[in-house]
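>
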Amino acid sequence: MNQIKHTIYEYMNNNKLELDKVMDDFEAYIRKIINNMVNDKLSYEDKEEILSDTFFILWKNQMKVTTSLEAYMAGITRNLVKEKLRKRKIVYDISDYENLISTGTGVEFQDDFLLDDRLNKCINKLKKIDIQIITMFYYYSKSTNEIAIDLNLSESNVRTKLNRIRNKIRKELKA
Numbered sequence: 002m003n004q005i006k007h008t009i010y011e012y013m014n015n016n017k018l019e020l021d022k023v024m025d026d027f028e029a030y031i032r033k034i035i036n037n038m039v040n041d042k043l044s045y046e047d048k049e050e051i052l053s054d055t056f057f058i059l060w061k062n063q064m065k066v067t068t069s070l071e072a073y074m075a076g077i078t079r080n081l082v083k084e085k086l087r088k089r090k091i092v093y094d095i096s097d098y099e100n101l102i103s104t105g106t107g108v109e110f111q112d113d114f115l116l117d118d119r120l121n122k123c124i125n126k127l128k129k130i131d132i133q134i135i136t137m138f139y140y141y142s143k144s145t146n147e148i149a150i151d152l153n154l155s156e157s158n159v160r161t162k163l164n165r166i167r168n169k170i171r172k173e174l175k176a
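Residue numbers for the sequence shown follow our numbering, beginning at 2 and rising by one.
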């Protein structure tokens, strides 16, 4: 997925959502989010169900979408994965939390994406640049190289910052 943010209107034709086109353009993106979050914790069938449910929810709520499609579908996907894991009674550890960090507008977190109060408090204590980095890495699934280019930093600096951010969050969550 490139850096361009897509809107729902790009996929509308005569006030109808061209779901096939959306699915073609976003299937790989949604699969990447699912796989990053669950690794081998869910079956192939569960992952496919989450994928199809994501597109169904988008279709059902198409007139309510006000954010970029990437952000909206990522939020839906994350919530579906969390729900599926909760039903399966699969417990998260810190590495799972790292894959679930999400934000809609930078420092402020939207209710749909809240993971838990403690995690949000940890994230909100971070510097603005750190929030940007974790948002781009975990929420937008950007590589460290892409983040470095976007923020005019070296790639090694981004990797170092990500490691320090994870350690800081891990330490605060254990306290």
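Positions of the beta carbon are idealized from the N, C-alpha and C atoms, including for glycine.
What residue ranges within the segment 19 to 62 form continuous alpha helix (DSSP H) runs of no fewer than 4 residues, ordered along the chain?
The qualifying runs are 20 to 39 and 45 to 61.
> Please classify M64: is it buried, with 16 or more other beta-carbons within 10 angstroms of its beta-carbon, or exposed?
As a working mapping, residue 64 is identified with position 63 in the sequence shown. The residue in question, M64, is exposed, as its Cβ has fewer than 16 Cβ neighbours within 10 Å.
> Hey, is T78's beta-carbon within less than 8 Å of any beta-carbon in chain B?
Judged by its chain identifiers, the structure shown contains no chain B, having just a single protein chain.
> Near N36, which residues of its chain fall below 7 Å by C-beta distance, leaving aside the five closest residues on each side in sequence?
By 1-based counting over the sequence shown, the position of residue 36 is 35. There are no such residues.
> Under the three-state reduction of DSSP, which class applies to K65: helix, strand or coil?
Within the sequence shown, the letter at position 64 stands for residue 65. Note: K65 maps to helix in three-state DSSP.
> Output needed for T52: all residues of its chain with C-beta closer than 6 Å, excluding positions within five of it in sequence on either side, in chain order.
Locating residue 52 in the sequence shown gives position 51, counting from the first residue. Correcting the residue identity first, residue 52 is Leu in this sequence and not Thr. So the qualifying residues of the chain are I31.
> Could you give the distance in angstroms between the alpha-carbon of L174 and the alpha-carbon of C123?
By 1-based counting over the sequence shown, the position of residue 174 is 173. By 1-based counting over the sequence shown, the position of residue 123 is 122. The alpha-carbon atoms of L174 and C123 are separated by roughly 8 Å.
> From S96 to R167, what distance separates their C-alpha atoms?
Residue mapping note: residue 96 aligns to position 95 of the sequence shown, counting from 1. Residue mapping note: residue 167 aligns to position 166 of the sequence shown, counting from 1. Only weak support exists for where S96 lies, its pLDDT of 46 falling under 50; the value from the coordinates is given anyway. The alpha-carbon atoms of S96 and R167 are separated by roughly 9 Å.
> How about K17 and L43: are their beta carbons less than 8 Å apart?
Stepping through the sequence shown from its first residue, residue 17 is reached at position 16. Stepping through the sequence shown from its first residue, residue 43 is reached at position 42. Cβ atoms of K17 and L43: not closer than 8 Å.
> If you run the structure through DSSP and keep just helix, strand and coil, what is N14?
Walking along the sequence shown from the start, residue 14 turns up at place 13. Strand at N14.
> To the nearest angstrom, how far is it from the Cα of I34 to the Cα of N15?
Position 33 of the sequence shown, counted from the start, is the residue given in the question as residue 34. Position 14 of the sequence shown, counted from the start, is the residue given in the question as residue 15. So the alpha carbons of these two residues sit roughly 31 Å apart.
> Applying the 10 Å Cβ sphere with the 16-neighbour rule, what's the burial state of T145?
The sequence position of residue 145 within the sequence shown is 144, counting from 1. Counting Cβ neighbours within 10 Å, T145 comes out buried, since at least 16 surround it.
> Leaving out five residues on either side along the sequence, give the residues of the same chain with a beta carbon under 7 Å from the beta carbon of V66.
One-based indexing of the sequence shown puts residue 66 at position 65. For V66, where only same-chain residues beyond five positions count, the Cβ hits under 7 Å are I9 and Y73.
> So what's S157 in DSSP terms, helix, strand or just coil?
Translated into the one-based positions of the sequence shown, residue 157 becomes position 156. In this structure, S157 counts as helix in the three-state DSSP scheme.
> So, at 6 Å on beta carbons, what are the nonlocal neighbours of F56 in its own chain, with the 5 sequence-adjacent residues on each side left out?
Reading the sequence shown from its first residue, position 55 is the one you call residue 56. The residues are M24.
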